[in-house]
Amino acid sequence: MGRAHAIFAQFVIRNTTMERSYSVDPSRIQVDSLEMAGKMLEKQMTKDNSFPSLLDLTGILPEAQSSTLSGLSERDYPSANSIPGGIDNVSHLALYDKVFIPPEVVEHFGRTIIQSEEMHLLGDPIFVVPTDGVAIKTIAGTDSGRLFLGGLDGSLFELVYQISIDNSRHILFTLTDKGAIEVYDLGSDGNSAIKVTSFSQNTIAQYAVQAVRRTLEVNIFRPIVSISALEKKESLHYNLVAITETGVRLYFTTYLNNISSRPSNLKLLHVRLPPGFTANTPNRCPSKVHTAVYNNGKTFVTA
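If you're matching positions, the sequence shown starts at 0 in numbering that gives the first Met the number 0 and goes up one per residue.
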């Protein structure tokens, strides 16, 4: 009987010890949860910032002497049919072929609003913006690059231009209304401005045709509707991406051999054809791209 009591007492002591060992501090749970959330957030941020380099995406070697091409292989634009069960079975995904413009916006298309009673036809010299005779008093710019001009009569104008700057390497690119691309070296300190070179739209299109080495019309490589400078953190070898009206992306470099030198030329390194040139793509390539935005390897176009 005494032995039974001893065993029972021992069990109670052990059980009490176990209960104490599994007691959890609520404040500790909160700290652990915050640490875990911080680690998950850091992991996702690292994943977002470690996107493949342009050399990896385009698959070319830095020492390549000739331009390369992509967009013709099925691996460049995988088909949605490769998803098990088809893309229709993917939850939380909606496909839209067209983005509709509200009627309130469409009704303003083709209209010109003029506040003054008279209209003066002015010449349009290079680098001169017609302001209907209004003298410009002040010019201001935003951090995003927008330029506004204020007139003496209170009018406000916005200067729409195609200039893209690589602030990490101090290189400026311009796109003229005739599709020519010009390169300017702002100096290693960014305080100078020297024109390096200029390529016409037709010259760029011919270089693209030579890079493709296929029977494609030269018109798919012109006109160029948008340019985007690439900074050093995105690519050490590429300096500029130009997008044509048909959605073709043209990747340029401003170096001949040494990437640590100042820009000395404009060379086409890679041509990326849009979806529509592969056998498994049912949709045709874009035909009337009028606005394009490039950012961190992603391209958005409106046509």
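Don't be surprised by glycine CBs; every beta carbon is placed ideally from N, CA and C. Computed from a predicted model, the values in this text were never measured in an experiment.
Give every residue of the same chain whose Cβ lies closer than 6 Å to the Cβ of S199, excluding the five residues on either side of it in the sequence, and list them in chain order. A179
So is N238 buried or exposed if we call it buried at 16+ other beta carbons inside 10 Å? buried
Can you name the residues that DSSP bridges to E157? For E157, which the question treats as bridged, DSSP gives the partners F147.
Starting from Y206 and walking both ways along the alpha helix (DSSP H), at which residues does that stretch end? It spans 200-211 - the alpha helix (DSSP H) in which Y206 sits, taken as one unbroken run.
Own chain, CB closer than 7 Å to T137, minus 5 neighbours either side, in chain order: G149
On a CA-only basis, which of G296, L92, T301 is nearest D47? Give me that one, please. If we check each option's Cα against that of D47, G296 comes out closest.
Run through DSSP, which three-state label would E41 get? helix
Just checking my contact of V224 with E244 at CB under 8 Å: how many whole Å lie between their CB atoms? 5 Å
Reference A291; option with closest CA among F276, N264, R261, P222: P222
Return the chain-ordered list of same chain residues with a C-beta closer than 8 Å to the C-beta of Y183, the five sequence neighbours on each side being excluded. Here the set comprises I170, L171, F172, T173, A192, I193, K194, V195.
Determine the DSSP secondary structure at T301, reduced to helix, strand or coil. strand
Measuring CB atoms only, is the stretch 140-154 touching the stretch 199-212, in the sense that at least three cross pairs come out at less than 8 Å? no
Distance check for L40 and T253, CA to CA, integer angstroms please. 37 Å
Do you know offhand how far S197's Cα is from E181's? 4 Å
Sorted by chain position, which residues of the same chain lie with C-beta nearer than 6 Å to S154's C-beta, five sequence neighbours on each side aside? Excluding five sequence positions before and after S154, the CB atoms of its chain that fall closer than 6 Å to its own CB belong to V133, given in chain order.
Whole-angstrom Cβ separation of E230 and L53, contact assumed at under 8 Å? That pair is no contact at about 11 Å.
Is DSSP giving V195 helix, strand or coil here? strand
Return the residue from the list V288, L268, S286 that minimises the CA-CA distance to S65. The option with the nearest alpha carbon to S65 is L268.
With 16 other Cβ atoms within 10 Å as the buried cut-off, status of Y250: buried
Exposed or buried, T45, counting other C-beta atoms within 10 Å across all chains shown (16 or more means buried)? With fewer than 16 other Cβ atoms within 10 Å, it is exposed.
Give me the Cα-Cα distance between Y293 and F299, rounded to the nearest whole angstrom. 6 Å
Please report the distance separating the alpha-carbon of A241 from that of I226. Taking the straight line joining both Cα atoms gives about 4 Å.
Cα-Cα separation, E103 to V217: 38 Å
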